[in-house]
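In the numbering used here, the protein residues as written are 699 to 881.
Glycine included, each C-beta is placed from N, C-alpha and C at the ideal position.
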(Lines of atoms letter the chains of each structure in order from A and count residues from 1; the text may use other names and numbers.)
(Lines give C-alpha, C1' and ligand atoms only; values in the text may rest on other atoms or scores of the structure.)
Protein backbone atom coordinates (compact mmCIF):
# COMPACT_ATOMS: atom_id res chain seq x y z
CA UNK A 1 0.00 0.00 0.00
CA UNK A 2 1.07 3.60 -0.40
CA UNK A 3 2.14 6.18 2.16
CA UNK A 4 -0.87 7.14 4.35
CA UNK A 5 0.70 10.49 5.34
CA UNK A 6 1.19 11.44 1.69
CA UNK A 7 -2.41 10.43 0.93
CA UNK A 8 -3.67 12.58 3.85
CA UNK A 9 -1.69 15.54 2.50
CA UNK A 10 -3.22 15.07 -0.96
CA UNK A 11 -6.71 14.78 0.54
CA UNK A 12 -6.18 17.96 2.54
CA UNK A 13 -5.06 19.85 -0.60
CA UNK A 14 -8.11 18.59 -2.51
CA UNK A 15 -10.59 19.43 0.26
CA UNK A 16 -9.22 22.86 1.10
CA UNK A 17 -8.35 24.25 -2.32
CA UNK A 18 -9.85 21.81 -4.84
CA UNK A 19 -6.33 21.12 -6.13
CA UNK A 20 -6.69 19.09 -9.37
CA UNK A 21 -2.97 18.25 -9.36
CA UNK A 22 -3.31 16.61 -5.93
CA UNK A 23 -6.33 14.67 -7.19
CA UNK A 24 -4.30 13.56 -10.21
CA UNK A 25 -1.62 12.18 -7.93
CA UNK A 26 -4.23 10.37 -5.84
CA UNK A 27 -5.74 9.03 -9.07
CA UNK A 28 -2.32 7.74 -10.18
CA UNK A 29 -1.88 5.94 -6.84
CA UNK A 30 -5.17 4.03 -7.12
CA UNK A 31 -6.21 3.79 -10.77
CA UNK A 32 -4.71 0.36 -11.45
CA UNK A 33 -6.07 -1.22 -8.28
CA UNK A 34 -9.57 0.13 -8.77
CA UNK A 35 -9.61 -0.77 -12.46
CA UNK A 36 -8.58 -4.38 -11.71
CA UNK A 37 -11.20 -4.57 -8.97
CA UNK A 38 -13.89 -3.38 -11.40
CA UNK A 39 -12.62 -5.45 -14.34
CA UNK A 40 -13.48 -8.73 -12.63
CA UNK A 41 -17.03 -7.60 -11.92
CA UNK A 42 -18.20 -6.34 -15.31
CA UNK A 43 -18.42 -8.19 -18.63
CA UNK A 44 -16.15 -6.01 -20.82
CA UNK A 45 -13.09 -3.80 -20.83
CA UNK A 46 -15.13 -0.80 -21.98
CA UNK A 47 -17.57 -1.16 -19.10
CA UNK A 48 -14.67 -1.53 -16.66
CA UNK A 49 -13.19 1.71 -17.97
CA UNK A 50 -16.53 3.51 -17.68
CA UNK A 51 -17.20 2.27 -14.15
CA UNK A 52 -13.66 3.15 -13.05
CA UNK A 53 -14.05 6.64 -14.50
CA UNK A 54 -17.39 7.06 -12.71
CA UNK A 55 -15.76 5.88 -9.47
CA UNK A 56 -13.14 8.62 -9.57
CA UNK A 57 -15.73 11.21 -10.60
CA UNK A 58 -17.81 10.26 -7.55
CA UNK A 59 -14.70 10.47 -5.37
CA UNK A 60 -14.01 13.99 -6.67
CA UNK A 61 -17.60 15.05 -5.96
CA UNK A 62 -17.45 13.48 -2.50
CA UNK A 63 -14.25 15.36 -1.67
CA UNK A 64 -15.51 18.64 -3.15
CA UNK A 65 -18.52 18.41 -0.84
CA UNK A 66 -16.05 18.77 2.04
CA UNK A 67 -16.48 15.25 3.41
CA UNK A 68 -13.74 13.95 5.68
CA UNK A 69 -12.04 10.71 4.66
CA UNK A 70 -10.33 8.38 7.12
CA UNK A 71 -8.98 5.75 4.66
CA UNK A 72 -8.96 6.73 1.00
CA UNK A 73 -8.41 3.14 -0.19
CA UNK A 74 -11.42 1.84 1.70
CA UNK A 75 -13.55 4.73 0.42
CA UNK A 76 -12.49 4.11 -3.19
CA UNK A 77 -13.32 0.40 -3.03
CA UNK A 78 -16.69 1.25 -1.46
CA UNK A 79 -17.44 3.82 -4.16
CA UNK A 80 -16.34 1.34 -6.85
CA UNK A 81 -18.58 -1.38 -5.40
CA UNK A 82 -21.57 1.00 -5.35
CA UNK A 83 -20.81 2.24 -8.87
CA UNK A 84 -20.70 -1.37 -10.13
CA UNK A 85 -24.08 -2.05 -8.53
CA UNK A 86 -25.53 1.09 -10.14
CA UNK A 87 -24.04 0.11 -13.50
CA UNK A 88 -25.48 -3.42 -13.29
CA UNK A 89 -28.91 -2.01 -12.49
CA UNK A 90 -28.77 0.25 -15.54
CA UNK A 91 -27.42 -2.37 -17.94
CA UNK A 92 -28.61 -5.89 -18.31
CA UNK A 93 -25.59 -8.14 -17.71
CA UNK A 94 -24.27 -10.24 -20.57
CA UNK A 95 -22.67 -13.65 -20.39
CA UNK A 96 -19.67 -12.83 -22.58
CA UNK A 97 -16.14 -12.94 -21.30
CA UNK A 98 -13.72 -10.30 -22.49
CA UNK A 99 -11.46 -12.09 -24.97
CA UNK A 100 -9.10 -9.13 -25.18
CA UNK A 101 -7.35 -9.94 -21.90
CA UNK A 102 -3.71 -10.23 -22.89
CA UNK A 103 -1.02 -11.77 -20.77
CA UNK A 104 2.49 -10.52 -21.49
CA UNK A 105 4.93 -13.42 -21.38
CA UNK A 106 8.52 -12.38 -22.11
CA UNK A 107 10.58 -14.67 -24.35
CA UNK A 108 7.70 -17.09 -24.98
CA UNK A 109 6.83 -18.59 -28.35
CA UNK A 110 3.55 -17.74 -30.05
CA UNK A 111 2.11 -21.18 -29.27
CA UNK A 112 2.95 -20.81 -25.58
CA UNK A 113 1.22 -17.42 -25.55
CA UNK A 114 -1.93 -18.90 -27.05
CA UNK A 115 -1.90 -21.74 -24.52
CA UNK A 116 -1.40 -19.29 -21.64
CA UNK A 117 -4.18 -17.01 -22.94
CA UNK A 118 -6.53 -20.00 -23.02
CA UNK A 119 -5.61 -20.87 -19.43
CA UNK A 120 -6.11 -17.26 -18.34
CA UNK A 121 -9.51 -17.21 -20.07
CA UNK A 122 -10.51 -20.39 -18.17
CA UNK A 123 -9.44 -18.89 -14.85
CA UNK A 124 -11.21 -15.60 -15.61
CA UNK A 125 -14.37 -17.49 -16.52
CA UNK A 126 -14.19 -19.42 -13.22
CA UNK A 127 -13.54 -16.25 -11.20
CA UNK A 128 -16.49 -14.51 -12.82
CA UNK A 129 -18.74 -17.38 -11.71
CA UNK A 130 -17.85 -16.82 -8.05
CA UNK A 131 -20.13 -14.91 -5.75
CA UNK A 132 -19.12 -11.27 -5.31
CA UNK A 133 -17.55 -11.65 -1.89
CA UNK A 134 -15.21 -14.42 -3.06
CA UNK A 135 -14.30 -12.54 -6.22
CA UNK A 136 -13.53 -9.33 -4.32
CA UNK A 137 -11.24 -11.06 -1.85
CA UNK A 138 -9.39 -12.97 -4.60
CA UNK A 139 -8.81 -9.82 -6.63
CA UNK A 140 -7.70 -7.79 -3.63
CA UNK A 141 -5.31 -10.53 -2.47
CA UNK A 142 -3.80 -11.87 -5.68
CA UNK A 143 -4.19 -8.99 -8.12
CA UNK A 144 -3.80 -5.98 -5.82
CA UNK A 145 -1.42 -7.76 -3.44
CA UNK A 146 -3.22 -6.69 -0.26
CA UNK A 147 -2.76 -8.65 2.96
CA UNK A 148 -5.63 -10.27 4.87
CA UNK A 149 -5.44 -7.44 7.41
CA UNK A 150 -5.68 -4.75 4.74
CA UNK A 151 -8.59 -6.52 3.05
CA UNK A 152 -10.25 -6.87 6.45
CA UNK A 153 -10.11 -3.09 6.94
CA UNK A 154 -11.57 -2.49 3.47
CA UNK A 155 -14.39 -5.01 3.87
CA UNK A 156 -14.93 -4.42 7.60
CA UNK A 157 -14.14 -8.05 8.53
CA UNK A 158 -11.51 -9.71 10.69
CA UNK A 159 -8.30 -10.98 9.04
CA UNK A 160 -9.33 -14.53 10.06
CA UNK A 161 -12.66 -14.18 8.27
CA UNK A 162 -10.82 -12.92 5.19
CA UNK A 163 -8.52 -15.96 5.23
CA UNK A 164 -11.55 -18.26 5.43
CA UNK A 165 -13.24 -16.47 2.53
CA UNK A 166 -10.01 -16.65 0.53
CA UNK A 167 -9.67 -20.39 1.19
CA UNK A 168 -13.28 -21.04 0.17
CA UNK A 169 -12.89 -18.93 -2.96
CA UNK A 170 -9.76 -20.84 -4.00
CA UNK A 171 -11.47 -24.18 -3.39
CA UNK A 172 -14.44 -23.06 -5.49
CA UNK A 173 -12.17 -21.97 -8.36
CA UNK A 174 -10.30 -25.28 -8.12
CA UNK A 175 -13.60 -27.17 -8.29
CA UNK A 176 -14.76 -25.12 -11.28
CA UNK A 177 -11.49 -25.73 -13.14
CA UNK A 178 -11.27 -29.49 -12.46
CA UNK A 179 -13.86 -30.51 -15.10
CA UNK A 180 -11.99 -28.39 -17.65
CA UNK A 181 -8.70 -30.17 -16.87
CA UNK A 182 -10.25 -33.64 -17.36
CA UNK A 183 -11.23 -32.90 -20.99
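- Relative to residue 819, the option among 719, 741, 703 and 727 whose CA is nearest is 741.
- By the CB criterion at 9 Å, residue 749 and residue 760 fall outside the cutoff.
- Non-local beta-carbon contacts of residue 863 in its own chain, meaning distances under 7 Å to residues more than five positions away in sequence, involve 831, 832 and 835 in chain order.
- In the displayed model, residue 769 falls within coil according to three-state DSSP, outside both helix and strand.
- Counting only the Cα atoms, residue 714 lies some 34 Å from residue 841.
- Closest in C-alpha terms to residue 873, from the list 821, 856, 764 and 762, comes 821.
- Sixteen is the threshold: since fewer than 16 other Cβ atoms of the shown chains lie within 10 Å of the Cβ of residue 865, the residue is exposed.
- DSSP places residue 726 inside the alpha helix (DSSP H), whose first and last residues are 718-737.
- In the DSSP annotation of this structure, residue 763 is not part of any alpha helix (DSSP H), being labelled neither H nor E.
- Short of 7 Å from the beta carbon of residue 723, and not among the five residues preceding or following it, lie these beta carbons of its own chain, in chain order: 708.
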